[in-house]
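K.L.:
First the structure, which I've put down as structure tokens, then a few questions once you've had a look.
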Amino acid sequence: MIGKLKQNLLVACLVISSVTVFYLGRHAMECHHRIDERSQPLVSSLHTTLRTGQNLSTPFIYNKDMPLIFIGGVPRSGTTLMRAMLDAHPDVRCGEETRVIPRILAMKQMWSRSGREKMRLDEAGVTDEVLDSAMQAFLLEIIVKHGEPANYLCNKDPFALKSLTYLAKIFPHAKFILMIRDGRASVHSMISRKVTIAGFDLSSYRDCLTKWNRAIETMYTQCLEAADKCLPMHYEQLVLHPEKWMRRLLKFLNIPWNDAVLHHEELIGKAGGVSLSNIQHEYLGFMSHLDYLSLVQLSYLINVTSHLCHTGCVWHTMVMLTGYCLLFSPQKNSV
49 MIGKLKQNLL VACLVISSVT VFYLGRHAME CHHRIDERSQ PLVSSLHTTL RTGQNLSTPF
109 IYNKDMPLIF IGGVPRSGTT LMRAMLDAHP DVRCGEETRV IPRILAMKQM WSRSGREKMR
169 LDEAGVTDEV LDSAMQAFLL EIIVKHGEPA NYLCNKDPFA LKSLTYLAKI FPHAKFILMI
229 RDGRASVHSM ISRKVTIAGF DLSSYRDCLT KWNRAIETMY TQCLEAADKC LPMHYEQLVL
289 HPEKWMRRLL KFLNIPWNDA VLHHEELIGK AGGVSLSNIQ HEYLGFMSHL DYLSLVQLSY
349 LINVTSHLCH TGCVWHTMVM LTGYCLLFSP QKNSV
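Residues in the sequence shown are numbered from 49 upward in steps of one, following this note's numbering.
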């Protein structure tokens with residue numbers, strides 16, 4: 049009886065041992081397989097390539113070398129009108145402001161300007177190369193994933209062009225559109241429509257014009273330095289001569305002409321058309337812009353200019369440099 053019990057215990061031990069060895073071996077093989085899988089994306093991710101699209105057999109492929117389009121300028125300068133017109137083109141998708149991109153670019157700029165912070169990052173192994181790679185991946189992810197796929201993707205975050213030089217560095221084939229408007233008109237629009245913009249005191253024309261002058265100077269200087277990668281576009285000229293300037297723009301972007309860009313108001317809110325927030329529905333067509341130019345232009349020029357020049361026209365530098373006259377508008381160079 050005892051001998052048979054020992055025999056049964058021995059068999060049970062052998063079975064348990066065999067099962068244990070089997071599961072340990074299987075677990076080890078799974079771990080090895082997972083390690084191999086995890087190591088592969090690290091190599092492929094260095095190319096910062098994203099695939100998307102509804103047709104999986106022919107997905108769109110996006111990477112840092114694609115011809116991205118960035119629209120910028122001081123708010124209330126026609127950036128929404130420009131992106132709506134481009135959005136009407138069947139090959140282009142811009143979408144609404146992300147609001148994230150200017151903030152992350154400003155943070156990167158802050159790190160670069162602080163010698164102490166940059167030294168700490170370098171010591172931690174977070175070099176410029178590491179940050180640039182991370183910025184490429186992050187910005188591309190936001191631009192690609194916040195809307196439908198298209199042959200050409202564009203981003204409209206007005207203050208993103210404060211970092212135009214850096215964007216041109218990490219996206220070497222990108223093109224930039226700088227929307228410019230008479231600063232007095234931009235400020236009048238901000239204040240009369242109570243458009244909140246960080247850092248702008250809407251109770252003071254002088255403060256807003258000073259901030260406008262500083263912001264447009266930063267963007268305009270970088271736009272000129274970018275040469276053939278950046279096209280300055282005057283809001284007033286776009287409204288008065290839309291086809292002429294849109295043809296020039298699409299040629300600059302190497303995008304085929306399509307009449308739809310002149311009829312963006314017909315595509316607002318439609319599938320595959322132009323998406324606008326409730327706040328942006330003032331951009332329904334050119335008539336509202338033409339009415340604004342004709343009815344408001346003289347009043348703000350007379351009132352704002354005379355009021356501010358009594359205390360010194362320290363804000364007028366970029367008004368003049370961007371082609372506007374202190375005494376009349378919309379623009380002294382109307383070519």
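Backbone N, C-alpha and C fix where the C-beta goes; we use that ideal spot for every residue, glycine too.
Between V140 and I109, what straight-line distance do the alpha-carbon atoms span, to the nearest angstrom?
P.N.:
Looking at the two C-alpha atoms, the distance is approximately 15 angstroms.
K.L.:
Just to confirm, are Q157 and S237 a CB contact at a threshold of 8 angstroms?
P.N.:
Not in contact: Q157 and S237 (Cβ atoms no closer than 8 angstroms).
K.L.:
What is the rounded straight-line gap between the Cα of L369 and the Cα of E313?
P.N.:
Computed Cα separation, rounded: 32 angstroms.
K.L.:
Taking the Cβ atom as the reference point for each residue, do K277 and F207 lie within a distance shorter than 8 angstroms?
P.N.:
No, these two residues do not count as a Cβ contact at 8 angstroms.
K.L.:
What number of angstroms, rounded off, separates the C-alpha of M366 from the C-alpha of E265?
P.N.:
About 6 angstroms.
K.L.:
Could you pull out every residue in the same chain whose Cβ sits closer than 6 angstroms to the Cβ of F219, ignoring the five residues on either side in sequence?
P.N.:
The residues are K112, L116.
K.L.:
Straight-line CA distance for I239 to G126?
P.N.:
Using only the alpha carbons, I get a separation of about 16 angstroms.
K.L.:
For P123, which residues in the same chain have their Cβ closer than 6 angstroms to its Cβ, ignoring the five residues on either side in sequence?
P.N.:
Excluding positions up to five away in sequence, the list reads P206, I245.
K.L.:
Whole angstroms are fine: how far does the CA of L315 sit from the CA of E165?
P.N.:
About 47 angstroms.
K.L.:
With a 10 Å radius around its C-beta and 16 neighbouring C-beta atoms as the bar for buried, classify A172 as buried or exposed.
P.N.:
Burial call: exposed.
K.L.:
Tell me whether Y372 sits in a helix, a strand or coil according to DSSP, three-state version.
P.N.:
Of the three classes helix, strand and coil, the one that applies to Y372 here is coil, per DSSP.
K.L.:
Pick out whichever of L298, V192, D170, L215 has its Cα sitting closest to the Cα of I152.
P.N.:
Out of L298, V192, D170, L215, L215 has the C-alpha closest to the C-alpha of I152.
K.L.:
Report the CB separation of Y283 from R241 in whole angstroms; it is logged as a contact under 8 angstroms.
P.N.:
Rounded, the Cβ-Cβ distance is 15 angstroms, inconsistent with contact.
K.L.:
I'd like the list of long-range same chain contacts for D180, defined as Cβ closer than 7 angstroms, with 5 residues on each side in sequence excluded.
P.N.:
Taken in chain order, the residues that qualify are I218.
K.L.:
Could you say which of F186, H289, S160 lies nearest to T175 if we only look at CA atoms?
P.N.:
If we check each option's Cα against that of T175, S160 comes out closest.
K.L.:
Which of the three DSSP states is assigned to M281 in this structure?
P.N.:
M281 falls in the strand class under three-state DSSP.
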